[in-house]
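Written below as structure tokens is the structure these notes are about.
There are 2 protein chains.
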Amino acid sequence: MSSSKIHTNRIVILGAGNVATHLALALKKSDQKITFIYNRTINSAKELALKVGADYSDKIHEIPADADIYIIAVKDDAIDDISRNLNIHNGIVVHTSGGISIDVFQKRFKNVGVFYPLQTFSKIRAIDFSEVPVFIEANNAETKKSLLHLAQSISKSVTEADSEKRKGIHLAAVFSCNFINHMFTIGSELMKKSDSSFDLLKPLILETVNKALELQPKNAQTGPAIRNDKTVQENHLKLLEEYPEFEKIYRFVSESIYKSHSKKEN
Amino acid sequence: MSSSKIHTNRIVILGAGNVATHLALALKKSDQKITFIYNRTINSAKELALKVGADYSDKIHEIPADADIYIIAVKDDAIDDISRNLNIHNGIVVHTSGGISIDVFQKRFKNVGVFYPLQTFSKIRAIDFSEVPVFIEANNAETKKSLLHLAQSISKSVTEADSEKRKGIHLAAVFSCNFINHMFTIGSELMKKSDSSFDLLKPLILETVNKALELQPKNAQTGPAIRNDKTVQENHLKLLEEYPEFEKIYRFVSESIYKSHSKKEN
Numbered sequence: 400m401s402s403s404k405i406h407t408n409r410i411v412i413l414g415a416g417n418v419a420t421h422l423a424l425a426l427k428k429s430d431q432k433i434t435f436i437y438n439r440t441i442n443s444a445k446e447l448a449l450k451v452g453a454d455y456s457d458k459i460h461e462i463p464a465d466a467d468i469y470i471i472a473v474k475d476d477a478i479d480d481i482s483r484n485l486n487i488h489n490g491i492v493v494h495t496s497g498g499i500s501i502d503v504f505q506k507r508f509k510n511v512g513v514f515y516p517l518q519t520f521s522k523i524r525a526i527d528f529s530e531v532p533v534f535i536e537a538n539n540a541e542t543k544k545s546l547l548h549l550a551q552s553i554s555k556s557v558t559e560a561d562s563e564k565r566k567g568i569h570l571a572a573v574f575s576c577n578f579i580n581h582m583f584t585i586g587s588e589l590m591k592k593s594d595s596s597f598d599l600l601k602p603l604i605l606e607t608v609n610k611a612l613e614l615q616p617k618n619a620q621t622g623p624a625i626r627n628d629k630t631v632q633e634n635h636l637k638l639l640e641e642y643p644e645f646e647k648i649y650r651f652v653s654e655s656i657y658k659s660h661s662k663k664e665n
Numbered sequence: 400m401s402s403s404k405i406h407t408n409r410i411v412i413l414g415a416g417n418v419a420t421h422l423a424l425a426l427k428k429s430d431q432k433i434t435f436i437y438n439r440t441i442n443s444a445k446e447l448a449l450k451v452g453a454d455y456s457d458k459i460h461e462i463p464a465d466a467d468i469y470i471i472a473v474k475d476d477a478i479d480d481i482s483r484n485l486n487i488h489n490g491i492v493v494h495t496s497g498g499i500s501i502d503v504f505q506k507r508f509k510n511v512g513v514f515y516p517l518q519t520f521s522k523i524r525a526i527d528f529s530e531v532p533v534f535i536e537a538n539n540a541e542t543k544k545s546l547l548h549l550a551q552s553i554s555k556s557v558t559e560a561d562s563e564k565r566k567g568i569h570l571a572a573v574f575s576c577n578f579i580n581h582m583f584t585i586g587s588e589l590m591k592k593s594d595s596s597f598d599l600l601k602p603l604i605l606e607t608v609n610k611a612l613e614l615q616p617k618n619a620q621t622g623p624a625i626r627n628d629k630t631v632q633e634n635h636l637k638l639l640e641e642y643p644e645f646e647k648i649y650r651f652v653s654e655s656i657y658k659s660h661s662k663k664e665n
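Heads up: the sequence lines are chains A and B, in that order.
The opening residue of the first sequence carries number 400 in our numbering; numbering runs sequentially from there.
The opening residue of the second sequence carries number 400 in our numbering; numbering runs sequentially from there.
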């Protein structure tokens, strides 16, 4: 951690999707050298390669064997297959998945690790990568040091996390990202049914989030479930009769809110 | 709507909780005259009355009978009881609840209505009331006109909504506010279990919300459920074994995400 000068790595990115794209752009910005983009569809490989000034291919055997770091940023279930077919010398091989263990690499490479950025990425949205927390794991001390340096070159928030800890964080992220987005989808559907625009919920949503982040969510809970207001809840369930999935969510989330908070008082 | 000058009403507020407080402060700021605060505990009545320069009492028969507008901003299940005991001349009586019908007033008053601000209020947090959507209902045209004027004096977003429409909006708000806060509570619990701070989720949460508001939530959905990634989901359910309520939520929200999006393709 004492080295103030950032070492320039020759980096190969495997994948050209949302994570691969944002990571490649952030690394290029911090003067790392992206030498090669591999992707199974050539058009996306080319598109990203042009952005970062790299060579590219859709053939895995064309990947140069002498790079310093290989970052596999593909769908979870493709990581194993890609790493099985990757032939390299001594570089570090990492994947970027929250939910996949470092053991996915088996004994295929000498230096392996995980480089997990905790964020939801879309190609069409700019991200300030310096604010994205990155979690690092490695199979040896030298590799860990290299990965920590690499992560610190693009993010202010770098933490070590083994595979078990990372899986817990990933699960927390599913609730705090994927699941809240679905609550918004349901909200939007119900607003449409009431001939109203989802936009009318914006001030409420922004205040809810700011309040939770400032007060801690457990202290910010309001609504009929925490008050155990059965009359309002029965009315709501009646309105949800035509949406059986939303009705189930309403029941179980309300029950969980009530139980989480009545436990607190014990 | 043609009157550009804002009529000054003499207003009585019944209640001194979160909604009553924010509403009273916003009305005072727009030069309406709050003459009286009633609350069943005298200390809160006094506290709010001092803030807005009003008289106050914890005795309902001490409320002046000649005000223009009576705003009942109390818990849902107390509205009926308070309105039953309220003796007034010709003023307008409204409640502020999303989930309660205008019929709660029965035939007790000549002019009744609803004044529903769509926001989550806490005494300790400042709110820009001009951004809060207000939904108005009334039992006659003259009352509706007065309430629209009153609402427009404090908010840029005023909409008419009958009780049925308002209940739909309130239900959408429960999903978009109360339920997302519970998702954050679960996220926070799982982070704690992984020896990690909830703060690490902040950049993810802020990006998730901004993305949903810009792209519409249905277009912003990501994660294992929409990909129908059973391996990741089974791993997550294993991690949730010690949290039976969270496990149920995980199952049903995942199922609902998958179904909502597979329907879209039909």
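In this text, a Cβ means the ideal position worked out from N, Cα and C, and glycines have one as well.
Exposed unless 16 or more other CB atoms sit within 10 angstroms - verdict on residue 596 of chain A: In the first sequence, residue 596 of chain A corresponds to position 197, counting from 1. Flag for residue 596 of chain A reads exposed.
Sequence-distant residues of the same chain with beta carbon closer than 6 angstroms to residue 460 of chain A, five excluded per side: Within the first sequence, the letter at position 61 stands for residue 460 of chain A. So the list is empty, once near-sequence residues are dropped.
Within chain B, partners of residue 519 of chain A - CB distance below 9 angstroms: Start at 1 with the first residue of the first sequence, and residue 519 of chain A comes out as number 120. Residues of chain B passing the Cβ test: 603, 606, 607, 610, 619, 621 and 622.
Neighbour flag for residue 559 of chain B against chain A, beta carbons, 7 angstroms: As a working note, residue 559 of chain B is residue 160 in the second sequence. For residue 559 of chain B, the answer is no, since every Cβ of chain A falls outside 7 angstroms of its Cβ.
Buried or exposed by the 16-neighbour rule on C-beta atoms within 10 Å, applied to residue 541 of chain B: Taking the second sequence and counting its residues from 1, one reaches residue 541 of chain B at position 142. Per the 10 Å Cβ criterion, exposed.
Helix, strand or coil at residue 469 of chain B [DSSP, three-state]: Residue 469 of chain B sits at position 70 when you count from the first residue of the second sequence. Reduced to three states, the DSSP call for residue 469 of chain B is strand.
Residue 456 of chain A (DSSP reduced to helix, strand or coil): The count along the first sequence starts at 1 and reaches residue 456 of chain A at position 57. Strand at residue 456 of chain A.
Simplified DSSP state of residue 622 of chain A, which is helix, strand or coil: Position 223 of the first sequence, counting from 1, holds the residue named residue 622 of chain A. Here residue 622 of chain A sits in coil by DSSP.
Rounded straight-line distance, which links the Cα of residue 470 of chain B to that of residue 446 of chain B: Mapped onto the second sequence, residue 446 of chain B falls at position 47. Mapped onto the second sequence, residue 470 of chain B falls at position 71. So the alpha carbons of these two residues sit roughly 18 angstroms apart.
Residue interval of the alpha helix (DSSP H) (run including residue 636 of chain B): Stepping through the second sequence from its first residue, residue 636 of chain B is reached at position 237. From DSSP, the alpha helix (DSSP H) with residue 636 of chain B extends over 629–638.
Contacting positions in the region 559–580 of chain B - beta carbon closer than 9 angstroms to chain A: 560, 563, 564, 565, 566, 567, 568, 569, 570, 571, 572, 573, 574, 575, 576, 577, 578, 579 and 580
Distance, residue 634 of chain A Cα to residue 606 of chain B Cα: In the second sequence, residue 606 of chain B corresponds to position 207, counting from 1. In the first sequence, residue 634 of chain A corresponds to position 235, counting from 1. Spanning the two alpha carbons is a distance of roughly 33 angstroms.
Which of helix, strand or coil DSSP assigns to residue 488 of chain B: Translated into the one-based positions of the second sequence, residue 488 of chain B becomes position 89. The answer is coil: DSSP assigns residue 488 of chain B none of H, G, I, E or B.
C-alpha gap between residue 559 of chain B and residue 572 of chain B, whole angstroms: Within the second sequence, the letter at position 160 stands for residue 559 of chain B. Within the second sequence, the letter at position 173 stands for residue 572 of chain B. About 17 angstroms.
Span of the beta strand (DSSP E), counted from its first residue to its last, around residue 579 of chain A: In the first sequence, counting from the first residue as 1, residue 579 of chain A sits at position 180. Unbroken run through residue 579 of chain A is the alpha helix (DSSP H), 579–592; no beta strand (DSSP E).
Partner residues on chain B for residue 593 of chain A, Cβ-Cβ distance less than 9 angstroms: Start at 1 with the first residue of the first sequence, and residue 593 of chain A comes out as number 194. 560, 563, 564, 565, 566, 567, 568, 570 and 571, listed in chain order.
is_contact[residue 516 of chain A, chain B] using C-beta, thresh 7 angstroms: The sequence position of residue 516 of chain A within the first sequence is 117, counting from 1. Chain B contact via Cβ: absent.
Proximity to residue 630 of chain B [Cα-Cα], best of A:477, A:583, A:545 and A:588: Within the second sequence, the letter at position 231 stands for residue 630 of chain B. The candidate whose alpha carbon is nearest that of residue 630 of chain B is A:477.
Where residue 641 of chain A sits in the DSSP three-state scheme: One-based indexing of the first sequence puts residue 641 of chain A at position 242. Three-state DSSP puts residue 641 of chain A in coil, outside helix and strand.
Secondary structure of residue 508 of chain B, DSSP reduced to three states: For the purposes of this step, residue 508 of chain B is identified with residue 109 of the second sequence, where counting begins at 1. If DSSP states are grouped into helix, strand and coil, residue 508 of chain B belongs with coil.
is_contact[residue 528 of chain B, chain A] using C-beta, thresh 7 angstroms: Looking up residue 528 of chain B in the second sequence gives position 129. For residue 528 of chain B, the answer is no, since every Cβ of chain A falls outside 7 angstroms of its Cβ.
C-beta neighbour in chain B for residue 631 of chain A, strict 7 angstroms: Taking the first sequence and counting its residues from 1, one reaches residue 631 of chain A at position 232. Chain B contact via Cβ: present.
Partners in chain B for residue 652 of chain A, counting only beta-carbon separations shorter than 7 angstroms: Position 253 of the first sequence, counted from the first residue, corresponds to residue 652 of chain A. What residue 652 of chain A touches in chain B: 578, 581 and 648.
Among A:438, A:513 and A:647, the one whose alpha carbon lies nearest that of residue 481 of chain A: Position 82 of the first sequence, counting from 1, holds the residue named residue 481 of chain A. Considering only alpha carbons, the answer is A:438.
Any chain A beta carbon closer than 7 angstroms to residue 616 of chain B: Position 217 of the second sequence holds residue 616 of chain B. With 7 angstroms as the cut-off, residue 616 of chain B counts as an interface residue toward chain A.
Closer than 7 angstroms at the beta carbon, the chain B residues around residue 635 of chain A: The residue given as residue 635 of chain A occupies position 236 in the first sequence. Correct list: 570 and 573.
For residue 641 of chain A, the nearest candidate out of A:585, A:523 and A:612 (CA to CA): Against the first sequence, residue 641 of chain A aligns to sequence position 242. Among A:585, A:523 and A:612, the Cα nearest to that of residue 641 of chain A is on A:585.
Residue 655 of chain A at chain B interface by Cβ criterion, 7 angstroms: For the purposes of this step, residue 655 of chain A is identified with residue 256 of the first sequence, where counting begins at 1. At least one chain B Cβ lies under 7 angstroms of residue 655 of chain A.
Of the residues B:458, B:567, B:653 and B:659, the one placed nearest residue 440 of chain B, counting alpha carbons only: By one-based count along the second sequence, residue 440 of chain B stands at place 41. Among B:458, B:567, B:653 and B:659, the Cα nearest to that of residue 440 of chain B is on B:458.
Selection of the region 530–551 of chain B by Cβ proximity to chain A, strictly under 8 angstroms: 530, 531 and 532
Neighbourhood of residue 419 of chain A by C-beta, 6 angstroms cutoff - its chain only, sequence neighbours within 5 removed: In the first sequence, residue 419 of chain A corresponds to position 20, counting from 1. Once the five neighbours on either side are set aside, the close Cβ partners of residue 419 of chain A are 412 and 472.
Residue burial classification, residue 643 of chain A (beta-carbon count within 10 angstroms, cutoff 16): On the first sequence, residue 643 of chain A is found 244 positions in, with the first residue counted as 1. So residue 643 of chain A counts as exposed.
Range covered by the alpha helix (DSSP H) that runs through residue 474 of chain A: Indexing the first sequence from 1 puts residue 474 of chain A at position 75. Per DSSP, residue 474 of chain A belongs to no alpha helix (DSSP H) and is neither H nor E.
Counted within 10 angstroms of its Cβ, other Cβ atoms place residue 510 of chain B as buried (16 or more) or exposed: If you number the second sequence from 1, residue 510 of chain B lands on position 111. So residue 510 of chain B counts as buried.
Distance between residue 652 of chain A and residue 588 of chain B (C-alpha atoms, nearest Å): The residue labelled residue 588 of chain B in the question sits at position 189 within the second sequence. The residue labelled residue 652 of chain A in the question sits at position 253 within the first sequence. If you take the alpha carbons of residue 588 of chain B and residue 652 of chain A, they lie about 15 angstroms apart.
Paired residues, beta bridge with residue 534 of chain B - DSSP: As a first step, residue 534 of chain B is located in the second sequence; it is residue number 135 there, counting from the start. In DSSP, residue 534 of chain B forms a bridge with B:515 and B:558.
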